[in-house]
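Single-structure report; data block below.
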Amino acid sequence: MSLYAAAPVMTSATYDEYTNVLTVKFDSAVRTQEVLFGRLIFDDDAGGPGEDFVLSGGTTLNADTLTDSLSISLLFESQIDKRFVKLYGVNLTVYFWGVNTVNVDDLEKMNTSDLQLIADEDAFLDAGFEPNNKQVISVNVVSSGSAPQITDAIYDANVNKLHLVFDQIVQFDQAAEDRSIDGGPGNGILDPKIGENDPGEDINGNDSLDTEPNFDVFKISLSDGDGNVVALDGYRSIDQVADNDTISIALTYGHSRKVETSLNPASIQVDLGQGAFKDTLYNLALAGSAAATVVPDSLPLFPDSVFYHVNDNDLRVRFRSAVPGNRPLNIADTPPVYTKFKFRLGTQEVTLTGIDGNPATAGDGCDLQFKELLAEDQKNLEQLIGSMGPADTLYFSLGGYAVFDDLETANIPVTLIIDDEAPQPPKLVREGLFYDAGDNTLHIGWDLDIGTYNFSTVPNGLPESEVDLAGFYLHDTIDDTDFTFTSGKLYYLNNRKEILVQLGENDQIRLESDAHKSNMVLVIEPFVFIDFRKNNGNLAVTVDSGFTVTYIPDITAAVLDTARYDHTAGVLDLVWDEPVVVSDLNVGKLSFSGVTLEGTVRGSDTLTFASILSVEIASSVVSSLEDLADAVKTDPILYIQAAAYTNIEGLSNDLDTLAAGYGRYFWITSFE
């Protein structure tokens, strides 16, 4: 500080809440470009314990470099937001430039009736660069204008838009979009998208550069005189791309549905909380309400015809075909709500749960087409159609807000009579229906290619694992009883028109030993087998349908595949390629490398048929087997005499030999 110069002294301070401008007057001129904003402090409790507020920045408005009346806008430009943006393949933190309102926001939270300005040393410089001394001065708070307030509102059901009218211009901006350059201001223009390298600056897609988030949708709600309220928590877009006294908000489909269905149109009003909008000076719009005029939909969206092509599993719904200037459907942005598509026959009802693939529009865009229903929905619908009598009528109903047109207008509820065709389900071929006991396989022939069984894809070739066999069974026409299956391997072999079912061993034994196996008819529940190309399911095949299953007996004897002797337990394990009659096994017709066997079949008192048996060898024979030479034990041979065993069909085996095994459990075949 100079020994001779006098420090500048503040003589008054005034803050205009409307313009957000602080005017400070001095006893001498100060330099307008040398103000240190961080040394200016506001206090509202005269040095008390309350938190003081230090300016984060500001903008001097004086054109001259020297003045004794300094005008400072508490608004200033800075980086106000940041987001992660992928630029040229690299994820970067990008900062955005705009007007910073932190000073205004903090100051207007204070008690402005007792406001003081504290200017620390060096906050100001006079013409001779002499700094001020620390000084405290009262601030006179005034307002030269008023904040905006809502005066009118219109809700247009044609386009689902809410128009808000204010008594003065408000800002349209919804986000900070101007990227900061090297920590400073942006370029002030909307940078375009550059392929996959740069997403551009247009975050909200309005083709205009927004500068700050000056709109708060959460402070907007609609209500009616009955006490119903729809609070907005989102929106689709704002029409305006420049500040205006009217703001048009495109509501989300969910909000428009709530407005149109839950509010009384005769008494709707719009309610704004303070700060839902800001004026051009960044003043918060006042809280207030305005009665809303409701413009009803002049061209309501409704279906006037529906057609279901059973053969192709194709559902088409035509909208407003008789209305001139009808609008096309919009299924790209708002897919149909499938659960609002219903079919009714008397008291029975089928509701769609979805479709297979994507919906489409046809013709002029007013035909909604579901090219393929989900299998379960198709089954339920076609069973409903199949149960119709000559005098029955099948109805289709569409709930409200299931479909939207290109102006985001939703359909109104409607019920129609459905037009359908007779289905062409897959049908059994009688000559292709037989059971071959030789390979234990049930053959089911169809007139169409079969794609799925119980909604699961039928594999090509014998699968590794069995599946539960449900939805079809045999019926004994002699005893009038059902023969149900448990498990088996269901597949086709290069020909989808022939379904093959290799039965599990238990089912094989039961069927092949059944006295009435040649008097069985096939019964199939509806939609168990579904056509490969059109997804049409089979109709019910009942006992009365008379589809007899031809029984082809096994003409070959069972073959003994495996023989393993466990010398530690004295047990011979035998495995055949098909079940044999347990009681017919003659152990004495088996010899192990020259030793004739004697023994008892385990489970012979409970088993009738089996493909795996264990024989407990008599102790005297066990000793003989142990006396075999080591060279024989390492490569033993089982000799099988003719008629040693029979299969279920009563066919006996021929003379045979089999390489056997001698060892212990787990069948380590090398001699130990």
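Just so we're aligned, residue 0 is where the sequence shown starts under numbering that gives the first Met the number 0, counting upward by one. Ideal placement from N, C-alpha and C gives every residue a C-beta, glycine not left out.
When you compare only the Cα positions, how much space is there between residue i and residue j?
{"i": "Val53", "j": "Leu116", "result": "10 Å"}
{"i": "Thr59", "j": "Asp242", "result": "25 Å"}
{"i": "Ala359", "j": "Trp575", "result": "58 Å"}
{"i": "Ala658", "j": "Ala630", "result": "14 Å"}
{"i": "Asp363", "j": "Asp296", "result": "21 Å"}
{"i": "Asp506", "j": "Lys516", "result": "12 Å"}
{"i": "Asn19", "j": "Leu208", "result": "24 Å"}
{"i": "Asp215", "j": "Asp332", "result": "24 Å"}
{"i": "Leu328", "j": "Leu283", "result": "40 Å"}
{"i": "Phe83", "j": "Pro198", "result": "11 Å"}
{"i": "Val349", "j": "Ile384", "result": "11 Å"}
{"i": "Glu200", "j": "Gly182", "result": "17 Å"}
{"i": "Ala5", "j": "Thr64", "result": "19 Å"}
{"i": "Ala390", "j": "Gly487", "result": "43 Å"}
{"i": "Asn493", "j": "Gly593", "result": "48 Å"}
{"i": "Ala556", "j": "Leu650", "result": "5 Å"}
{"i": "Tyr14", "j": "Phe36", "result": "15 Å"}
{"i": "Ser11", "j": "Leu285", "result": "30 Å"}
{"i": "Ser77", "j": "Asp244", "result": "27 Å"}
{"i": "Val542", "j": "Asp565", "result": "51 Å"}
{"i": "Val103", "j": "Ser179", "result": "22 Å"}
{"i": "Val620", "j": "Asp478", "result": "48 Å"}
{"i": "Leu606", "j": "Phe526", "result": "38 Å"}
Going by CA-CA distance only, name the one from the options that's closest to residue i.
{"i": "Val586", "options": "Val579, Val600, Glu577 and Ser592", "result": "Val600"}
{"i": "Glu497", "options": "Thr440, Asn518 and Ser517", "result": "Thr440"}
{"i": "Leu280", "options": "Gly660, Ile411, Gly144 and Lys160", "result": "Gly144"}
{"i": "Ile246", "options": "Glu259, Asp223, Leu262 and Lys277", "result": "Lys277"}
{"i": "Leu39", "options": "Thr66, Asp332, Arg178 and Asp121", "result": "Asp121"}
{"i": "Ile661", "options": "Ala628, Leu35, Asp404 and Asn537", "result": "Note that residue 661 is Tyr in the sequence shown, not Ile. That would be Ala628, whose Cα lies nearest to the Cα of Tyr661."}
{"i": "Ala617", "options": "His442, Arg82, Thr251 and Thr595", "result": "Thr595"}
{"i": "Asn646", "options": "Leu328, Glu577, Ser396 and Phe531", "result": "Glu577"}
{"i": "Tyr154", "options": "Ala514, Ile636 and Thr408", "result": "Thr408"}
{"i": "Thr451", "options": "Val466, Tyr434, Val520 and Phe531", "result": "Phe531"}
{"i": "Asn652", "options": "Ser288, Leu589 and Asp634", "result": "Leu589"}
{"i": "Ala28", "options": "Leu124, Leu106, Tyr17 and Tyr252", "result": "Leu124"}
{"i": "Pro425", "options": "Leu606, Ile529, Thr485 and Glu50", "result": "Ile529"}
{"i": "Phe546", "options": "His442, Pro635, Thr346 and Phe340", "result": "His442"}
{"i": "Arg509", "options": "Ala118, Asp481 and Ser72", "result": "Asp481"}
Let me know if residue i comes out buried or exposed under the rule of 16 or more other beta-carbons within 10 Å of its beta-carbon.
{"i": "Pro7", "result": "buried"}
{"i": "Lys192", "result": "exposed"}
{"i": "Ile188", "result": "exposed"}
{"i": "Leu654", "result": "exposed"}
{"i": "Asp376", "result": "buried"}
{"i": "Ala641", "result": "exposed"}
{"i": "Tyr87", "result": "exposed"}
{"i": "Ala275", "result": "buried"}
{"i": "Thr656", "result": "exposed"}
{"i": "Lys108", "result": "exposed"}
{"i": "Asp172", "result": "buried"}
{"i": "Met387", "result": "exposed"}
{"i": "Glu430", "result": "exposed"}
{"i": "Val89", "result": "exposed"}
{"i": "Ser112", "result": "exposed"}
{"i": "Ile639", "result": "buried"}
{"i": "Ser255", "result": "buried"}
On the three-state DSSP scale, how would you describe residue i?
{"i": "Asp155", "result": "strand"}
{"i": "Arg326", "result": "coil"}
{"i": "Pro552", "result": "coil"}
{"i": "His36", "result": "The residue asked about is misnamed: residue 36 is Phe in this sequence, not His. The answer is helix: DSSP assigns Phe36 an H, G or I state."}
{"i": "Arg509", "result": "helix"}
{"i": "Ala5", "result": "coil"}
{"i": "Arg82", "result": "strand"}
{"i": "Thr668", "result": "Its pLDDT being 48, under 50, Thr668 is placed unreliably by the model, and the measurement read from it follows with that caveat. Of the three classes helix, strand and coil, the one that applies to Thr668 here is coil, per DSSP."}
{"i": "Lys192", "result": "coil"}
{"i": "Ala642", "result": "coil"}
{"i": "Phe214", "result": "strand"}
{"i": "Lys370", "result": "coil"}
{"i": "Thr10", "result": "strand"}
{"i": "Ser236", "result": "strand"}
Three or more C-beta pairs below 8 Å linking the region 162 to 172 and the region 228 to 235:
With a cut-off of 8 Å, the region 228 to 235 and the region 162 to 172 do not count as touching, because too few Cβ pairs lie within range.
Is it a yes or a no for the region 63 to 73 touching the region 91 to 98, going by three-plus beta-carbon pairs under 8 Å?
In the pairwise beta carbon analysis, the region 63 to 73 is classified as not touching the region 91 to 98: fewer than three pairs are separated by under 8 Å.
contact_flag[the region 252 to 265, the region 388 to 407] where n(CB pairs < 8 Å) is 3 or more:
Judged by Cβ distances under 8 Å, the region 252 to 265 makes contact with the region 388 to 407, as three or more pairs qualify.
So, does the region 450 to 468 touch the region 556 to 571, judging by three or more C-beta pairs under 8 Å?
No: the two stretches stay apart, fewer than three of their Cβ pairs being nearer than 8 Å.
Is the region 125 to 136 close to the region 146 to 160, with three or more CB pairs under 8 Å?
Taking a contact to require three or more Cβ pairs closer than 8 Å, the region 125 to 136 and the region 146 to 160 do not qualify as touching.
Three or more C-beta pairs below 8 Å linking the region 365 to 381 and the region 302 to 314:
In this structure the region 365 to 381 touches the region 302 to 314; the number of beta carbon pairs closer than 8 Å is three or more.
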